[in-house]
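Engineer: One structure, as structure tokens, below. Some questions next.
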Amino acid sequence: MGIFNALKSFFLISEEENKATKNKMKFFMLQALKKDDLSGFEIVYGKLAENKDNLVTRKTQYHNYAIAFNRQTSELIILPIDPKLASCGWPIFINNETLKKAETVLFGTAFSFDLKDGDNIMFDTPAQNYKISKILGALEIPIIQEKEVNSFKEFFNKNYKK
4 MGIFNALKSF
14 FLISEEENKA
24 TKNKMKFFML
34 QALKKDDLSG
44 FEIVYGKLAE
54 NKDNLVTRKT
64 QYHNYAIAFN
74 RQTSELIILP
84 IDPKLASCGW
94 PIFINNETLK
104 KAETVLFGTA
114 FSFDLKDGDN
124 IMFDTPAQNY
134 KISKILGALE
144 IPIIQEKEVN
154 SFKEFFNKNY
164 KK
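For the sequence shown, our numbering assigns the number 4 to the initial residue and increments by one for each residue that follows.
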């Protein structure tokens, strides 16, 4: 049993680490929105690994997001976050004024938002993101969020799926 637990801790984050990660994403969202409270909002982690080919090398670029969504108001806010949870970018508000098109891509596993200004934001919401990927060099955030992922899929299907 000891070896199994050691292997498990190598791959999965602990309950305390998971809670700290979720609290940090919430803190960044509160800070970016300049709010004291996120009543009605749920937060889910989103990621994208994008391969870029150059003449000589191939580079993988990682994107990490804290996504806040509100079922009652249909608000959606995407906040870029750094993989070490040390800082965040500027919030992106998805609404009728900014959104051109939203759809699921990559066989329904990722969400894509085309904005009217020409930008595109795409991400997957993993139910579990393992620690091993970070050890192997991926700049992703380890997290367990099955409930949040299901809730976001329902939100997306209700508000954006045609």
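Even for Gly, the Cβ is constructed at its ideal location relative to N, Cα and C. Predicted, not measured: the structure shown is a model, and the values here were computed from it.
Straight-line CA distance for PHE31 to VAL59?
Structural biologist: Distance between the alpha carbons of PHE31 and VAL59: 37 Å.
Engineer: Report the partner residues of MET125 according to the DSSP bridge assignment.
Structural biologist: The partner list for MET125 (beta bridge, DSSP) reads SER115.
Engineer: Between GLU151, LEU51, GLN148 and MET125, which has its C-alpha nearest GLN64's C-alpha?
Structural biologist: It is LEU51.
Engineer: Compute the distance between the beta-carbons of SER77 and ASN153, then report whether it is under 7 Å.
Structural biologist: In this structure, ASN153 does not lie closer than 7 Å to SER77 by Cβ.
Engineer: Evaluate PHE96 with the Cβ neighbour count: other Cβ atoms within 10 Å of its Cβ, from every protein chain shown; 16 or more gives buried, anything less gives exposed.
Structural biologist: So PHE96 ends up on the exposed side.
Engineer: So, do the region 32 to 39 and the region 110 to 125 have three or more beta carbon pairs nearer to each other than 8 Å?
Structural biologist: No, because fewer than three Cβ pairs between the region 32 to 39 and the region 110 to 125 fall closer than 8 Å, the two stretches do not touch.
Engineer: Distance, Cα to Cα, GLY103 vs SER115?
Structural biologist: Just to set this straight, residue 103 is Lys in the shown sequence, not Gly. So the alpha carbons of these two residues sit roughly 11 Å apart.
Engineer: Taking a contact to mean a Cβ-Cβ separation below 7 Å, would you say ILE70 touches ILE84 in this structure?
Structural biologist: No; because the gap between Cβ atoms is not below 7 Å, this pair is not in contact.
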